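Throughout the sequence shown, residue numbering follows full-length UniProt numbering, covering 1 to 207 in sequence. C-beta atoms are modelled at their ideal positions from N, C-alpha and C, and glycine is treated no differently. Note that the structure is predicted; figures quoted are calculated from it, not measured. The block underneath contains the structure these notes are about, expressed in structure tokens.
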Amino acid sequence: MVSDAVLPDVATPTTSGAGVRQRLLDAMATCLMNRGYRETTVADVVRVARTSRRSFYQEFRDKQACFVELLRTANDAMVAAIAEGVDRDAEWYTQIRQAVQAYVAVTEKHPEIAWSWIRELPALGESARTVQVEAMESLIEVLVPLTDSPQMRAAGIRPMTHETAVIIWGGIRELAASAVEEKRSLYTIVEPAVAACVALVGANIEA
């Protein structure tokens, strides 16, 4: 069953009980949907959040810091969705499908955030590298153990290597970015992503 973990709600204003920081993150998410990161300004975020520039700078050093925290939040939700969305007692190929579907389900809610992560974050240069590496490793820490389960071992599948996990994740991210750019539903990547993952994981079946 797919996790209930979701990205920040950008469809409606944050409830009055939420803090200024969360309102600013929600506003950044809305701005990404409407303008993209490059065109978004602190003034845009403040306007959408209905707060002041002073409040913004009390919470974040600059626009990039707000952007990075939003992406970290989104990444945490995505990793949780994958971890919770896989039935470890299911057949190994079913587990792969569940993992892909969990990723797509949580990402489809706000595809522009995923696109910004894939396409715009790297453009920030070295300052963004740490965030990218941390995000990659957090996902790999979920993917690799998924291939070291009783069902996988029963099928003769060796645990996924770190390198294979990088290849799988990089491929799925590129499929997702292409779908957003072509204005397709992210659900269109499920079948090709599952097929590629099954092939790569299945290649580890011991003779």
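If we ignore side chains and look at the alpha-carbon of each, how far apart do Gln-98 and Val-79 end up? Cα to Cα, Gln-98 sits roughly 13 Å from Val-79.
Check for me: the alpha helix (DSSP H) holding Tyr-93 runs from which residue to which? 92-108
On the CB-based measure, 16 or more other CB atoms within 10 Å of its CB, does Ser-185 come out buried or exposed? exposed
Which residues share a DSSP beta bridge with Ile-157? Residue pairing from DSSP places Ile-157 in a beta bridge opposite Ile-205.
For the stretch 104-117 and the stretch 61-78, state whether three or more C-beta atom pairs, one from each stretch, are separated by less than 8 Å. yes
Is there contact between the stretch 48-65 and the stretch 22-39, where contact requires at least three CB pairs shorter than 8 Å? yes
Between Leu-70 and Ala-114, is the Cβ-Cβ spacing less than 7 Å? Taking 7 Å as the cut-off, the Cβ atoms of Leu-70 and Ala-114 do not count as close.
Is there contact between the stretch 51-59 and the stretch 131-145, where contact requires at least three CB pairs shorter than 8 Å? no
Going by beta-carbon coordinates alone, are Val-194 and Val-100 separated by less than 7 Å? yes
Let's test the definition: count the other Cβ atoms within 10 Å of the Cβ of Tyr-187 and tell me whether it reaches 16, buried, or not, exposed. exposed
Return the CA-CA distance between Ala-11 and Ala-179, expressed in angstroms with no decimal places. Reliability of the predicted coordinates at Ala-11 is poor, the pLDDT of 36 falling under 50, and no value is obtained from them.
With distances taken Cα to Cα, identify the nearest neighbour of Ala-27 among Glu-39, Asp-44, Gly-19, Leu-200. Per the Cα distances, Asp-44.
Return the residue from the list Pro-145, Thr-130, Arg-119 that minimises the CA-CA distance to Ala-165. Pro-145
Counting C-beta neighbours from all protein chains within 10 Å, is the total for Val-133 16 or more, i.e. buried, or is it exposed? exposed
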